[in-house]
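For the record, the sequence lines run as chains A, B, C, D and E. Residues 343 to 591 in the numbering used here are what the first sequence lists, from first letter to last. Residues 17 to 246 in the numbering used here are what the second sequence lists, from first letter to last. Residues 17 to 246 in the numbering used here are what the third sequence lists, from first letter to last. Residues 8 to 342 in the numbering used here are what the fourth sequence lists, from first letter to last. Residues 8 to 342 in the numbering used here are what the fifth sequence lists, from first letter to last. Every residue gets a Cβ at the ideal spot worked out from N, C-alpha and C, and that includes glycine.
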Amino acid sequence: YAEPIHLKLATTTSTENSGLLNILLPPFEDLFNIKVDVIAVGTGAAIKLGENGDVDIILTHDPDAEDKFVQNGKGVNRRDVMYNDFIVLGPSNDPAKIKGMKNVVSAFTNITNQQAFFVSRGDASGTDQKEKSLWQMANIKPGKEFYLEIGQGMGVALQTASEKQAYVLCDRGTFLAFKDKIELEVLCEGDSLLANPYSIIAVNPALYSQVKYMEAMQLIAWVTSIEGQKIIREYKKEGEILFHPVAIK
Amino acid sequence: MDFIIEGIQKAFQLIFSLDREIFSIVLLSLRVSLTAIVLSSLLGIPLGFLITIKKFFGKKLTIILMNTLLAFPTVVVGLMVYSLISRRGPLGVFGLLFTPTAMVIGQFILAIPIIIALTHSAIQGIDKRVEKTALTLGATKLQSAWAILKEARYAILEAITTAFGRVIAEVGAAMMLGGNIKGSTRIMTTAIALETSKGEFGFGIALGIILLFIALVINIFHHYFQSRRV
Amino acid sequence: MDFIIEGIQKAFQLIFSLDREIFSIVLLSLRVSLTAIVLSSLLGIPLGFLITIKKFFGKKLTIILMNTLLAFPTVVVGLMVYSLISRRGPLGVFGLLFTPTAMVIGQFILAIPIIIALTHSAIQGIDKRVEKTALTLGATKLQSAWAILKEARYAILEAITTAFGRVIAEVGAAMMLGGNIKGSTRIMTTAIALETSKGEFGFGIALGIILLFIALVINIFHHYFQSRRV
Amino acid sequence: MLKVKNLKKKYNNKTVLDIDYLGFQESKIYAIVGPNGSGKTTLLNILNLLVKPDKGQIFFRDQEIINNSNSKILEIRRKMTLVDQDPFLFQSTVYSNVAYGLKVRSLSSIVQQNRIKNALEMVGLPGFENRKVDQLSGGEAQRVVIARALVIEPEILFLDEPTASIDQKNIAKVEKIIAKIRRELRTTVIFTTHDLSQAYRLADEVISLLDGKMIKQVQENLLWGEIVKEEDGLKRFKTIGNVKFAIVSEKIGPAYVSIDPTDIILSYEPFQSSARNSFLGKIVKIIEQNNLVKLEIDIGIPLVVIITRESFQDMNFNLGSKVYLTFKASAVKLY
Amino acid sequence: MLKVKNLKKKYNNKTVLDIDYLGFQESKIYAIVGPNGSGKTTLLNILNLLVKPDKGQIFFRDQEIINNSNSKILEIRRKMTLVDQDPFLFQSTVYSNVAYGLKVRSLSSIVQQNRIKNALEMVGLPGFENRKVDQLSGGEAQRVVIARALVIEPEILFLDEPTASIDQKNIAKVEKIIAKIRRELRTTVIFTTHDLSQAYRLADEVISLLDGKMIKQVQENLLWGEIVKEEDGLKRFKTIGNVKFAIVSEKIGPAYVSIDPTDIILSYEPFQSSARNSFLGKIVKIIEQNNLVKLEIDIGIPLVVIITRESFQDMNFNLGSKVYLTFKASAVKLY
Ligand SMILES: Nc1ncnc2c1ncn2[C@@H]1O[C@H](COP(=O)(O)OP(=O)(O)OP(=O)(O)O)[C@@H](O)[C@H]1O
Ligand SMILES: Nc1ncnc2c1ncn2[C@@H]1O[C@H](COP(=O)(O)OP(=O)(O)OP(=O)(O)O)[C@@H](O)[C@H]1O
Ligand SMILES: [Mg+2]
Ligand SMILES: [Mg+2]
């Protein structure tokens with residue numbers, strides 16, 4: 343075998359933590375003799391690494407930031423890969439009485455009205471951006487003593503919410519991973535507003551000559567290929583499907 | 017490079033804007049770390065002293081263990097304390113998690129091996145005649161211990177400084193145990209970690225510079241105080 | 017509590033399963049930290065020595081600055097080095113980012129103030145007659161420096177141990193500069209951080225225990241070596 | 008007021024101190040003499056309760072101490088103090104060094120200041136209060152240490168070679184201090200020295216140590232050499248310059264011997280007698296000592312002989328006189 | 008081979024050394040004497056190129072050293088060595104201490120072993136090689152330091168109070184070593200001491216220091232007291248025991264004076280003369296010194312007088328003789 347070419351992929355911690363990449367990438371690596379170096383950081387940091395040309399490709403879930411990334415000419419060939427969904431978790435006694443609600447915006451309104459604790463990641467991650475946009479839609483400005491901004495990853499947010507018996511917005515993948523470790527249950531799910539889309543974007547080779555553009559495009563091709571999308575569709579955790587592929591209908 | 021420059025600029029802006037949030041973050045950082053250092057010095061210096069002076073079974077092992085604990089990763093300290101004080105942990109009833117007290121506990125555990133190990137090596141190097149001279153002149157055990165500590169003061173202060181540097185700069189335990197909750201347990205280093213994960217590298221550097229600046233001020237005080245006492 | 021117990025069990029399992037991945041992670045941790053420590057000792061001990069022995073303008077300031085740098089947060093070190101070696105940074109062309117070399121640089125920067133400051137306080141405490149005696153007996157400047165270092169060996173070894181503990185346990189710089197890439201730059205502490213963020217607390221503690229175990233082995237070697245030489 | 012019984016101390020399996028009985032009385036001055044390594048320092052450390060003997064008892068005013076409680080030991084130790092042979096000064100000023108013993112006793116600062124001023128004057132270092140200790144000459148440092156002990160006004164003062172690097176003027180000063188505190192404060196002073204004349208000049212009693220054991224006699228005429236068996240079958244002690252003494256001894260090999268200076272008889276003519284040692288020598292030094300005269304006579308090696316003033320005058324000895332020294336083989340004492 | 012010119016050294020604005028000229032010749036022995044704090048140690052440190060003087064030059068075989076390159080200074084310093092007054096032993100064994108000077112010179116280990124064995128035997132510590140240094144008695148430590156200097160076989164050996172805490176037998180040994188290395192290795196030995204008889208016994212030349220200045224004479228009869236103006240308008244020097252000397256002096260107040268022992272005339276009867284000092288005393292000590300005789304005469308204080316052997320015999324002096332001492336006011340030298 344020839345030494346594999348190393349391709350650097352910056353992605354969010356949640357993607358890495360879900361375990362999907364461990365299934366999705368090895369067949370690609372074997373096929374093209376490319377080794378994908380996964381650098382799991384916050385969404386903001388992942389995009390920053392792309393902007394600086396320190397990675398070749400990014401896989402993130404913050405549509406607004408991604409748009410800006412492409413508009414500024416830092417990234418090219420953005421493709422939607424998949425989505426999963428967000429869910430609202432809370433304590434089993436459910437003080438805000440949101441259990442079974444479909445409309446997430448009114449659920450959020452209830453939570454504030456009941457002055458129940460809410461844990462926010464507050465780290466400008468994709469999840470955090472989504473949460474902020476929901477507050478905006480509900481026309482509520484949180485930031486009182488019941489609103490805990492922890493500035494950390496999803497896992498810790500769940501842990502904190504469990505400790506404080508608070509509500510929290512979470513992606514389904516992380517929830518499944520933490521299910522046994524926390525005392526929270528799913529109270530609100532299924533709203534189309536709760537979709538969490540992931541995109542893959544190659545770093546613009548015109549800005550950084552050393553960027554491995556060809557290999558990046560090969561990876562984009564792989565994850566959006568029939569096989570790639572199949573792997574995504576069939577990936578299960580705790581018996582549940584985590585991601586829904588969108589590249590190929 | 018540009019982040020550094022940006023960071024330096026931002027640091028100045030932040031300092032001169034007297035941002036209230038930054039101010040309270042700085043204050044909490046100092047409160048937590050200074051409390052942890054005071055407590056760990058109060059316990060660690062006497063322990064380091066006793067380990068050095070006394071002959072006891074397992075002395076060598078104790079010293080090796082202390083040196084080993086210097087390599088205690090902050091996250092692991094955080095995890096261990098977490099599993100004791102979390103709701104499901106044995107000390108859960110006290111509701112310590114996500115409070116400054118929890119951070120103090122974590123930093124205390126990080127600081128104490130440093131204080132003990134460096135106090136030990138400080139006292140190790142002190143002339144054996146100090147103790148004899150003190151006893152000869154009628155000192156009690158405690159007074160002669162004090163005489164030894166006084167002769168070792170320079171190295172012991174350095175031990176405290178080292179431990180202080182370690183805890184004020186640590187992030188793992190504070191993050192895990194404090195929770196980086198805005199307005200209540202956010203300190204300098206957890207704020208830096210947050211900004212970094214957001215991709216706000218310049219801002220992270222700016223906070224780092226402020227942290228170093230604070231350490232500088234403390235060290236200047238400490239140095240001044242030290243040279244006056246000698 | 018249960019995490020700790022789970023962690024201890026998992027630690028044993030991992031050690032006895034001789035897991036290849038764990039093995040390579042441990043090895044890389046050691047390689048990076050030991051390299052950083054050797055380099056920073058080679059530079060830091062002579063510097064600490066010179067700062068103590070020489071009289072020069074700004075000596076006090078230098079010492080205060082060294083003590084201040086003890087409080088350098090690892091993330092900030094990571095950020096600063098990052099902005100130098102990132103593609104866009106002045107040293108970008110060398111492609112150091114996300115390599116073990118980058119981690120060595122970060123840890124080197126973390127270690128050097130510790131080595132310098134503690135070497136300084138170690139030598140500060142050495143009897144002034146050592147140098148005179150060595151010179152009297154015909155030692156060159158270098159040989160008399162060596163004699164002083166030898167008298168201070170215990171405290172200097174403690175300085176190295178402290179710095180080693182700091183860098184083997186640090187995560188911020190290694191994460192930022194190494195990128196925690198599986199199979200290439202993942203080390204003990206970044207692995208611990210990863211497992212923790214996944215909620216695998218027991219696994220995190222297990223890795224922490226292994227790390228401490230390695231530190232223990234190193235300290236036993238070091239202690240043995242030291243007591244043989246004296 | 009202080010006595011020891013059956014004292015034994017070993018280092019590395021070598022007995023460095025082995026004393027059956029030794030007592031010290033109040034307000035007396037004792038000198039301990041003996042060659043290097045004979046156990047002087049070790050003895051003082053034990054008496055000052057700093058080093059535990061392997062065996063034996065120490066009594067202070069008839070009270071056994073060693074097996075007492077720590078606080079009792081402290082209480083008794085506070086009644087004495089020791090000036091070390093290689094004294095340590097706290098890295099600070101002369102003042103705070105001298106003040107230390109008063110501080111640990113929580114004496115008022117006025118008392119402290121007065122006593123310190125007096126003590127520094129006594130040792131001839133007035134005005135040295137604020138001097139940093141690393142700026143002292145060797146002899147100055149030694150005197151600071153003596154002052155540090157004096158301010159405590161101990162009941163027993165141990166001095167380990169107190170005048171080793173002090174100049175003659177200040178030796179006189181220190182010797183006067185010793186005499187004065189004994190007289191005025193009734194202090195018992197126990198000091199070691201290598202200067203035998205100092206020992207005799209100052210002390211009420213001179214204690215000789217050799218290899219950790221007390222020996223009866225003076226250490227003048229203490230000689231190191233070898234016991235050999237000569238061709239005539241008799242044993243002789245051979246020392247430097249090939250001087251040989253007849254000796255009564257069981258063993259052969261290297262040994263210390265001493266000859267009591269009062270055991271030697273002087274005469275102008277050799278006389279036939281049972282004494283088996285007879286040498287011709289020349290008087291090279293004459294020193295008056297109270298009612299005695301100490302002569303140093305060169306017989307190849309210098310031997311000290313002590314005679315009375317009267318016999319010195321009767322015999323009309325003088326510097327350069329050639330005289331015969333006669334002493335018995337049994338006067339050559341073996342250790 | 009070694010000389011200094013116009014040497015000045017200040018500490019804290021106080022001149023502690025001020026020497027116009029001082030030269031040392033090869034294969035000679037020099038003793039430096041003087042009271043505590045007179046600058047002896049400082050002088051040795053400067054001569055050994057360890058301390059820079061504030062002013063002045065040092066010549067080694069007519070070559071100016073101080074402003075030389077570091078490597079040149081090292082080269083010359085390696086030809087000498089200094090045994091400190093308060094010597095430091097590396098925390099290790101006796102062997103590695105004594106080996107140090109050889110190791111830094113990269114001598115072969117066989118040479119090292121031999122020389123170390125010899126040196127330890129010379130100082131009377133054979134077999135002490137593996138002893139840890141903190142297990143030595145005071146005098147043993149001092150002798151280890153001397154051995155450490157001897158193995159280097161220096162051209163110039165500085166010894167700062169080498170025998171301060173060594174017992175008499177070993178003092179003799181050390182003194183013999185000094186004589187031997189001068190004879191066999193042509194080493195120049197420069198030592199300080201407070202034992203004047205040792206100085207005269209060993210040294211070819213005795214250098215007296217007082218307050219950092221060289222004084223011509225011997226320090227026998229060096230007295231500390233006060234110059235006062237008496238009622239008769241004349242100035243007198245008053246010392247202990249209220250003994251008073253006529254003196255020629257401008258100033259009054261506390262002062263050192265000395266009287267050259269050869270400047271004093273002895274007689275059985277008082278004689279009328281221009282000399283203004285005349286005292287009756289009693290001979291208390293008589294010591295032969297080569298062709299001279301040193302007498303100690305008690306006139307309230309002890310004064311030393313040196314006369315020739317012949318006059319000693321002619322006058323028929325003896326212990327206890329009552330004699331008159333006569334000397335001029337100008338013989339009382341003021342410092
Ligand atoms: N480092 C220093 N700083 C200030 N003064 C000093 C220093 N070293 C020595 N002195 C002073 O210089 C003078 C000369 O000291 P030095 O040690 O040369 O005396 P010495 O003749 O060796 O005395 P001693 O017989 O006591 O050893 C003394 O008054 C001493 O107090
Ligand atoms: N800590 C120790 N460990 C082993 N041996 C020791 C220790 N201290 C002293 N010795 C030995 O014990 C003996 C007595 O030592 P000590 O110091 O009492 O002698 P000293 O009479 O004071 O001699 P000096 O006149 O040289 O001061 C010596 O042979 C010495 O080598
Ligand atoms: Mg002794
Ligand atoms: Mg001196």
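Unbroken beta strand (DSSP E) run spanning residue i, endpoints
i: residue 287(D); result: 284-296
i: residue 274(E); result: 272-274
i: residue 381(A); result: 376-383
i: residue 88(B); result: That residue, residue 88(B), is in no beta strand (DSSP E); it is neither H nor E in DSSP.
i: residue 115(C); result: Looking at the DSSP string, residue 115(C) is not in any beta strand (DSSP E), and its letter there is neither H nor E.
i: residue 191(B); result: That residue, residue 191(B), is in no beta strand (DSSP E); its alpha helix (DSSP H) goes 188-194.
Per-residue DSSP class, three states only, for residue i
i: residue 246(B); result: At residue 246(B), the pLDDT of 43 sits below 50, so the modelled position is not reliable; the number obtained from the coordinates is stated separately. Coil at residue 246(B), not helix or strand.
i: residue 403(A); result: coil
i: residue 114(D); result: coil
i: residue 174(D); result: coil
i: residue 566(A); result: coil
i: residue 94(B); result: helix
i: residue 47(E); result: helix
i: residue 77(E); result: helix
i: residue 502(A); result: helix
i: residue 431(A); result: strand
i: residue 187(E); result: helix
Identity of the residues DSSP links to residue i by a beta bridge
i: residue 233(E); result: 245(E) and 261(E)
i: residue 199(E); result: 39(E) and 167(E)
i: residue 136(C); result: Beta-bridge pairing links residue 136(C) to no other residue.
i: residue 70(E); result: 67(E)
i: residue 309(E); result: 305(E)
i: residue 7(E); result: Outside the shown range of chain E, which is 8 to 342, sits residue 7(E), and nothing can be said about it.
i: residue 421(A); result: 542(A)
i: residue 348(A); result: 377(A)
i: residue 632(A); result: Because chain A in this structure spans residues 343 to 591, residue 632(A) falls outside the shown range and cannot be described.
Extent of the continuous alpha helix (DSSP H) to which residue i belongs
i: residue 305(D); result: Premise fails: residue 305(D) lies in the beta strand (DSSP E), 299-305, not in any alpha helix (DSSP H).
Per-residue burial, residue i [other beta carbons within 10 Å of its own, 16 or more giving buried]
i: residue 123(B); result: buried
i: residue 30(E); result: exposed
i: residue 434(A); result: exposed
i: residue 443(A); result: buried
Examine the Cβ distances between the stretch 55-75 of chain B and the stretch 143-161 of chain C and report whether three or more of them are shorter than 8 Å.
By the Cβ rule, the stretch 55-75 of chain B does not count as touching the stretch 143-161 of chain C, because fewer than three pairs are nearer than 8 Å.
Flag this pair as touching only if the stretch 89-96 of chain D and the stretch 64-80 of chain D have three or more C-beta atom pairs under 8 Å; answer yes or no.
no
Report yes or no: do three or more beta-carbon pairs, one from the stretch 166-184 of chain C and one from the stretch 106-116 of chain C, lie closer than 8 Å?
no
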